[in-house]
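What follows is a single structure, written as structure tokens, with notes after it.
Residue numbers (the numbering used here), protein chains in the order written: chain A, 605 to 801; chain B, 115 to 375.
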């Protein structure tokens, strides 16, 4: 009888609550969990290659690589054929994971503290954090653009380090390569292939 | 010159008064980034290569050596250099109509120069002065609405724009009290060579603080020149806006377009 009462109570509570909210995670907690996972890897005894592989796994799970890839093409993405889109998606994923992991792998035991979050709109929340200063480098402020449209599947779309957007920097680098090769997008594909070899 | 400054001051004050009603909410920028042209890209790339060569042979090894000094010496040097930079920041605070900041920075300079022994110790921060933010004449021109002009790479000095280069010239035509005192001060403590040494030390200090990050960027860039250009222009944009860097830098247009495609 008692169990039945508890069950009814649970059904009552859940019928009034949004399941998405129950399953969702707050953006700042999401970022902190990523940071904790990365820190654990970077302070572990793993060799550099294994560290990079582990970091790639984290990036693959938590970064919206497909959309970031489209963003970095700027307006050129509108002229891509379906085949080119497929080729680019594969190349960009490999390129992104390689550079992202390589950049992070240089840091040993980084300490990042999540300090605040600001909801910008229904789609984005900016989570602010800081890389704690050490003897070798000053404190670095890092903001994370978290895509929150699907609260059950939060994704990182940009990192803004001391006010400098990595997505924008990447986009401007890609555009420079395309524009310096007679606006030929295949030149970017070739450069990406060379880089990820 | 006096008339020019007065007119500029009035213009700046009016401009800031017009902006006083903005709400400062967390909305992202709806303005597309100003497209700063790289009009001299061929020449710029050549100068960039020259600078990279100089960096490899001179600046990077010196910066590495500098990094071996005890951290107390390095932080003392950084503090003293930052303290000297407030001599340019304070007049620019005034020119941008930021009188409160000018007052705070003046207080910070006085405290650090005296109690902090020529700025070696950042006593002002320990006394809870607000965070110090550098300003220069290029930023002031930008804040007045003067366009950046073309992107340029200067030999040794690195990335700039036509506006920022002109801003740097203002330092040597009377805008930098430290330069004035060193070259025309007619005193036994300051000299041209000391001024030059200070500038070189600033460069070494900056390079030493960014050894890993610059190496990392170079290693992971397919077009290092384009990456540096992008970072420089973003940095100037946020400094000129004097607003929350994250909010200003995030133009929403492209993200919105992708969302709707």
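We put the beta carbon where it would ideally sit given N, CA and C, even for glycine.
It should be emphasised that the depicted structure is a prediction, and the values quoted were computed from it without experimental measurement.
Distance between residue j and residue i (C-alpha atoms, nearest Å)
i              : j              : result
residue 249(B) : residue 223(B) : 14 Å
residue 306(B) : residue 297(B) : 5 Å
residue 698(A) : residue 641(A) : 21 Å
residue 693(A) : residue 189(B) : 45 Å
residue 800(A) : residue 181(B) : 33 Å
residue 771(A) : residue 779(A) : 12 Å
residue 309(B) : residue 234(B) : 17 Å
residue 663(A) : residue 201(B) : 44 Å
residue 679(A) : residue 311(B) : 47 Å
residue 333(B) : residue 302(B) : 47 Å
residue 633(A) : residue 711(A) : 22 Å
residue 160(B) : residue 166(B) : 10 Å
Start and end residues, beta strand (DSSP E) containing residue i
i              : result
residue 265(B) : 265-268
residue 716(A) : 716-723
residue 763(A) : 759-765
Span of the alpha helix (DSSP H), counted from its first residue to its last, around residue i
i              : result
residue 209(B) : 185-209
residue 292(B) : 291-298
residue 175(B) : 174-181
residue 341(B) : 338-355
residue 237(B) : 237-240
residue 335(B) : Premise fails: residue 335(B) is in no alpha helix (DSSP H) and is neither H nor E.
residue 159(B) : 155-168
residue 319(B) : 306-323
residue 849(A) : In this structure chain A extends from 605 to 801, so residue 849(A) is not present and cannot be described.
residue 371(B) : 367-374
Coarse secondary structure for residue i, derived from DSSP in three states
i              : result
residue 804(A) : Only positions 605 to 801 of chain A appear in the structure, and residue 804(A) is not among them; the question remains open.
residue 768(A) : strand
residue 224(B) : helix
residue 137(B) : Any reading at residue 137(B) must be qualified, since the residue scores a pLDDT of 33, below 50, and its modelled position is unreliable; the value itself is stated next. Residue 137(B): coil per DSSP, three-state reduction.
residue 247(B) : coil
residue 667(A) : strand
residue 684(A) : coil
residue 258(B) : coil
residue 726(A) : coil
residue 279(B) : helix
residue 329(B) : helix
residue 741(A) : coil
residue 230(B) : coil
residue 171(B) : helix
residue 150(B) : coil
Residue i classed as buried or exposed, judged by whether at least 16 other C-beta atoms fall within 10 angstroms
i              : result
residue 787(A) : exposed
residue 667(A) : buried
residue 283(B) : exposed
residue 682(A) : exposed
residue 750(A) : buried
residue 733(A) : buried
residue 158(B) : buried
residue 660(A) : buried
residue 212(B) : buried
Identified DSSP bridge partners for residue i
i              : result
residue 672(A) : Beta-bridge pairing links residue 672(A) to no other residue.
residue 731(A) : 721(A), 748(A)
residue 273(B) : 267(B)
residue 284(B) : Paired residues: none, contrary to the question.
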